[in-house]
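Numbering (the UniProt record's numbering), first residue to last: 1 to 1067.
Right under this line is the structure:
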């Protein structure tokens, strides 16, 4: 049982008490009040006013006979797992039902500053017979809270179970049991022996409670008090409340509180940490789905009503769940910081108050157009204070059936519609609650996780196809071909004559693309999907191929040649916009649209942002087209490419972050920008990798940007049409394997090799109930560590990888870049270098241009495509590489979609029938088990290549699987274990034995340092001195570092040496 301490109030007059009967006693500003709250499992009388006759006035100066006076009282009652739960607490008035019974006890301090004892416990019968204890069914619990002069309650002790020999397992005395142990209903004419035994049982229970608390915590009175009062209140209900009842405490069967006739407020408890709060001056509330809360009704229908308690009086409403306590003062008749507030349990030092400025961990931003550096990322639903709110008062609405958009109810002014997230530091739970009402992230098509090519340039059919062929010649895989706005008429005479800017267009420029259908077909043959750019703001000009057809559909006269204005809030225009205007382009084979809206947030419909409408209906349209199209596989999913419109935009991936400025400042901000977006559930940002415009040429910057792009949600190269600017990788300078060209080549290939891992994370992100974004800030996993908040550019990339991109230029002496990072507790292996690091500390990572810090924790398992150069399109590979880090147990389930259509066919938006392959590492046994695979074609055979970096293992390493096939190949080179398993049947598990309890290898600092020091632009003598010191493995690292401190060297070189010396705490 979990008793919840209620609120306390200073003594006050009761509605049934006259002024002459009450002496209000000491001020609450100079005294502390304490109370014991006894929770009992059973039924509770609804709260009511205590009759005057049952009150005894406070008599000053007589501490031996002090009675508790009328004050605040609270009672919690909820239904949990089929049983009632009650927590009663109060400093003052006791609740009464018609036939309810109450008893009052008080304990006094023997002297100020001394703990109270059970022997001071006194039972006062008052004017009622002593009650029998409720039928608790388990040992009751008590909790102690203390109220300070400023009105703050502190929980001193809670959940203390007590039992007494005088009580049987039901919580009643044996004498109160009927035949065969049945419970007897108390009678008003109970005889003296029954009353005496009940009183004895009550006193015995209370004595046990007091002794239990005294044993658990040393409770002493403040020095300024000579007396403290402890009230233990037990109430048993046997009849409904009387009409005089002023406080109603219930465990509702509905999640809605308020919203009744004449109510101006309504609360909806959607989850145990999520409540919707509404205020409507006219009493009419909004039930239609909004752009943000599109699935609110579905969330209510698909989940049971959360456990919560409502306490309501004429003056206030309180809602209490396991996570929060919300209070609304009805007498205020409006929402304000003083009238609507909430506390989150575990984070009660801060109070959420309606209307006050939020302090969250950020959300995301509409566009990075013309941004060079940081921007304010607004708010998300994660906050170190434990609470965050989303204002949904002005967002776009949908009609009840979801078929179109709708305006807000008039008058809009004064209406409040918000959502309060009270998840403490459980940031994942907050975002999952966000998804519950807004909708989950959709599953992206697998190909979207590969490399995209995009450039604002006047391509022709031949030049674009030659570009794709050049990528292939350089063995650089692609998955998506983006054609920017010059696919349509832009600067033709007909455009100028019509007075148009050429920014909007729906007619192919046949000079550039004489046969669009053949052009797109060839791109498809190359394994690429195709998207076209659309700036729709200028409407449909008279020169467009579909002008007459659109005009006729809208009942307009095409002979006028007047441009048809863009009005996305007109249902008829929306229909004509998609068919025939876009359909005739889509029929050429276009896979999806890049909706490049840049013209503001306003339409003719109040509070309707055109970007919301475009995103929603474009995504819906793409899903419908996929459903109608005869597909050659079963792995397609809807997709659009557009800008962020606000919370809820995650339902329409992929996001276009805007025209990025070419600068180190832009790159430095993008990792943080990407990770922080997860706080508002936005997990699929696509950036202009390398930068779009302005700036200056910096090949090193391009290489570092590509590294980040490979470890970001979408990898899309992009640049403007300036002839001096380019992102074609082969135009970058090469350099002995570590130059910009080499780096970009290798990382573009790595991106496609990572697709098996990323696509599995894609499935995790789209999980309806437990979805999580691919990229997550460090503080999601480590919310109580301050260090996790100090590295905003560092993030989790899926479940297995920690990435810390380098976003600053190389040091010209060391030829390395650096980044300050924090490793959580544990041990880690760098994916690229194999260096082993001890965690639980900040450190500097130093890397040459061809590498960036990517850390795998012990037990990590990462599946990759085994091909060094995967093909275009990101198809399922038949050869895999599995990277396993020893030192802790690990498990990973590889998910693939059935591209051969062997499993049951499905619609584009349905959850796939996954091909599942479990991969398990058992640290104690030292075994790696792959499979068996389920789903897919039963005759599908696999090739598994397992790599175990930086491992000390027992020799010989053994591998086996069931069935016929080649002998497994095993090798160990430089502490890296390689095992090749070929032609493994899918239903057969493959097992690799590394030997019991394998450990990570010990770093060899000089071997790690040598290749970097060799190329460093520093003196030869300095290099010799450094080598002589670092090579002394017989000398502790601290002593070697002390010797190095005597050498005059570049500060970054010193950082580099210390990184390798102290990567591990001991050799």
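Beta carbons are placed, not taken as given, at the ideal position from N, Cα and C, and that holds for glycine.
Here the structure is a predicted model, which is why all the values come from computation and not from measurement.
Remark: three or more beta-carbon pairs, one from each stretch, lie closer than 8 Å, so the region 479–495 and the region 459–466 are flagged as touching. Residue 424 carries a coil assignment under DSSP once its states are collapsed to helix, strand and coil. With the rule of 3 Cβ pairs closer than 8 Å, the region 494–514 does not count as touching the region 445–452. Residue 837 sits buried, since 16 or more C-beta atoms from the chains shown fall within 10 Å of its C-beta. DSSP places residue 549 within a helical segment (H, G or I) once states are collapsed to three.
Nearest to residue 656 by alpha-carbon distance, out of 682, 995 and 668, is 682. Under the three-state reduction of DSSP output, residue 451 falls in the strand class. Closest by C-alpha distance to residue 422, out of 342, 1027 and 744, is 342. With contacts defined as CB atoms closer than 8 Å, residue 780 and residue 427 qualify as a contacting pair.
The DSSP-derived three-state label of residue 882 is strand. Residue 353 sits in a strand when the DSSP states are folded into three classes. Closest option to residue 718, judged by alpha-carbon separation, among 691, 712 and 705: 691. Residue 1017 sits away from residue 697, with the two beta carbons spaced by 8 Å or more. Closest in alpha carbon position to residue 283, among 414, 438 and 1007, is 414.
Rounded to whole angstroms, residue 290 and residue 715 show a C-alpha spacing of 31 Å. Membership of residue 456 in any beta strand (DSSP E) is not indicated, and neither H nor E is assigned to it by DSSP. In its chain, beyond the 5 residues on either side, 440 have a beta carbon closer than 8 Å to the beta carbon of residue 767. No Cβ-Cβ contact shorter than 8 Å links residue 582 with residue 597. Look at the beta carbons and you see the region 847–864 touching the region 880–893: at least three pairs across the two are nearer than 8 Å.
Taking 8 Å as the cut-off, the Cβ atoms of residue 752 and residue 865 count as close. Annotated three-state conformation of residue 666 is helix, per DSSP. Judged by pairs of C-beta atoms under 8 Å, the region 936–949 touches the region 970–986, as three or more such pairs exist. Residue 676 is positioned such that its CB atom lies closer than 8 Å to that of residue 777. DSSP, read as helix, strand or coil, puts residue 627 in helix.
Of 951, 990 and 986, the smallest CA-CA separation from residue 999 is found for 951.
Residue pairing for residue 326: DSSP places it in a beta bridge opposite 319 and 342.
The beta-carbon separation of residue 269 and residue 306, rounded to 5 Å, stays under the 8 Å limit for a contact. Counting along the chain, residue 1061 sits inside the alpha helix (DSSP H) bounded by residues 1051–1061. Ranked by how close their Cα comes to the Cα of residue 529, the residues 542, 917 and 449 have 449 in first place. Taking all protein chains in view, the Cβ of residue 432 is crowded by 16 or more other Cβ atoms within 10 Å, so the residue is classified as buried.
Short of 8 Å from the beta carbon of residue 926, and not among the five residues preceding or following it, lie these beta carbons of its own chain, in chain order: 886, 953, 954, 993, 994, 995, 996, 997 and 998. With a cutoff of 8 Å on beta-carbon distance, residue 398 and residue 294 are scored as near each other.
Spanning the alpha carbons of residue 704 and residue 253 requires a straight line of approximately 56 Å. Under the 10 Å beta carbon count, residue 359 is surrounded by fewer than 16 other beta carbons and is classified as exposed.
Under DSSP, no beta-bridge partner is assigned to residue 495.
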